[in-house]
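Just below is one structure, and these are the notes that go with it.
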Amino acid sequence: MFKLSKKSEYALMAARYMALNNHGKLVTAKEIAEHHDISYELVAKVLQSLTKYDLVVSILGSKGGYSLKKRSDEISLIDLIKAVEPDYQITECMRIGNIKNECSNLDCCKIKDPLIEIQKKIDKVFTDTKLSHII
């Protein structure tokens, strides 16, 4: 069964939290982690990735924190997911950098091409769905 990684889930949760709670103020990784009762360490890593991919602004210092760089209707779910999981795919054989001979069934595989089409549809849904849609 296809499911999002914890990193992707936390990215969506953190972005949603920031969209709902920013209103001109910064939020901290600790605040997000405590609100959702999730791992602070992973939230902090996710926020670093979101900052690196220019989706979030990070302010250092005792009064620092994180804020979305764009409005929630300008951020697609695919942006958030790819920021924390650049090679997300529904099967291993489609992952970036995967060597063809890692799969012993590649030559006779009958599902790879249909799954590529499904991946395109999933990507479209995540691209068309904005953060504002999950608020």
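For the sequence shown, the working numbering begins at 7 and goes up steadily by one. We put the CB at the ideal spot given by N, CA and C, even for glycine.
Less than 7 Å between the C-beta atoms of residue i and residue j, yes or no?
i: LEU32; j: ILE81; result: no
i: ALA39; j: VAL49; result: yes
i: THR135; j: LEU83; result: yes
So, under 8 Å CB-CB, residue i and residue j are touching, yes? Tell me the CB distance rounded to an integer number of Å.
i: LEU86; j: LEU61; result: 7 Å
Rounded to whole angstroms, what is the Cα-Cα separation between residue i and residue j?
i: LEU66; j: MET19; result: 22 Å
i: ILE105; j: PHE132; result: With a pLDDT of only 49 at ILE105, under 50, the local geometry of the prediction cannot be trusted, and the value read off the model is given with reservation. Taking the straight line from one Cα to the other gives about 26 Å.
i: GLU15; j: GLU37; result: 16 Å
i: VAL63; j: LYS9; result: 28 Å
i: SER78; j: CYS99; result: 33 Å
i: VAL90; j: CYS115; result: 29 Å
Have a look at the options and flag the residue whose alpha-carbon is nearest the alpha-carbon of residue i.
i: ASP119; options: HIS139, ILE140, THR97; result: THR97
i: HIS42; options: LYS58, TYR23, SER55; result: TYR23
Q | Contact between the region 67-76 and the region 112-132 (3+ Cβ pairs under 8 Å) | A | When Cβ pairs closer than 8 Å are counted between the two stretches, the region 67-76 is seen not to touch the region 112-132, the count staying below three.
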